[in-house]
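All remarks here apply to the structure that follows.
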Amino acid sequence: QQQVKQSPQSLIVQKGGISIINCAYENTAFDYFPWYQQFPGKGPALLIAIRPDVSEKKEGRFTISFNKSAKQFSLHIMDSQPGDSATYFCAATFDNTDKLIFGTGTRLQVFP
Amino acid sequence: KAGVTQTPRYLIKTRGQQVTLSCSPISGHRSVSWYQQTPGQGLQFLFEYFSETQRNKGNFPGRFSGRQFSNSRSEMNVSTLELGDSALYLCASSNRGRVTEAFFGQGTRLTVV
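Protein chains in written order, with the working numbering: chain A, 317 to 428; chain B, 1056 to 1168.
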């Protein structure tokens, strides 16, 4: 019940295209859903996050869509750029804790 | 402002040995959490410390332990190393023990041979 399932495992997108990564969770007590971006040799960096009382959050080219009833959330990267090539992790957690439950990761490659 | 600093960056140990990894959080941050990252298991939570107290512990054997000092620096120790302990160990710090404000270090790459 603590799992977060993420798909796809890898994604290849043309420059300018839309990248979509999906995650699903089971524990309805989760109340914070962040996305992290990780480049090789670096630690994960917070990209964007959402709480379950909001259905969508947009920051620049990055948008989270959240479907509370389906217990699913997704990351959309609009106008994907080669610099977006990285591994993306969705996560879930409870507020007032640093314990993150991570998805399995998606390796995104954006070709020019 | 300096980020989260983990030392050493790389480490090679032999099976059966023990290892200690260090994490210096961002100045003023009182919470430190540790994660293990492997290709097979992904990112898995190890422990969380806040003001020297362990608040949460992940599902790892007792060979994995940690502590936090009064200056918020944290160490984790793995005893009786196994080949499967080879991983990137990541530390994250936050100011008030809230993941919304957590920043990760670059990690320590541990290889057990």
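Using N, Cα and C, we set each Cβ at its ideal position, and we do this for glycine too.
Keep in mind it's a predicted model, so treat the numbers as computed, not measured.
Problem set entry | Chain-order list of residues whose beta-carbon lies under 6 Å from that of residue 399 of chain A (same chain, five-residue window excluded) | Excluding sequence positions up to five before and after residue 399 of chain A, its CB lies less than 6 Å from no other CB in the same chain.
For this session: Please decide whether residue 1142 of chain B counts as near chain A, where near means a Cβ-Cβ distance under 7 Å.
Result: no
Exercise. Going along the chain, which unbroken runs of the alpha helix (DSSP H) with 4 or more residues stay wholly within the region 339-376 of chain A?
Worked result: none
Exercise. Buried or exposed: residue 1131 of chain B, going by 16 or more other Cβ atoms within 10 Å of its Cβ?
Worked result: buried
Exercise. With 7 Å set as the bound, which would you pick, yes or no: does the beta-carbon of residue 1095 of chain B sit closer than that to a beta-carbon of chain E?
Worked result: In the structure shown, chain E cannot be found, because the protein chains are A and B.
Exercise. Mind checking if residue 1117 of chain B is an interface residue toward chain A, Cβ cutoff 7 Å exclusive?
Worked result: no
Problem set entry | Alpha-carbon spacing of residue 1136 of chain B relative to residue 1168 of chain B, whole angstroms | 9 Å
For this session: Return the CA-CA distance between residue 418 of chain A and residue 1059 of chain B, expressed in angstroms with no decimal places.
Result: 20 Å
Exercise. Quick one, which residues of the region 353-373 of chain A are near chain B if we go by CB-CB under 9 Å, in chain order?
Worked result: 354, 357, 358, 359, 360, 361, 362 and 365
Problem set entry | For residue 392 of chain A and residue 370 of chain A, the rounded distance between their alpha carbons | 16 Å
For this session: From the DSSP output, in three-state form, read off residue 420 of chain A for me.
Result: coil
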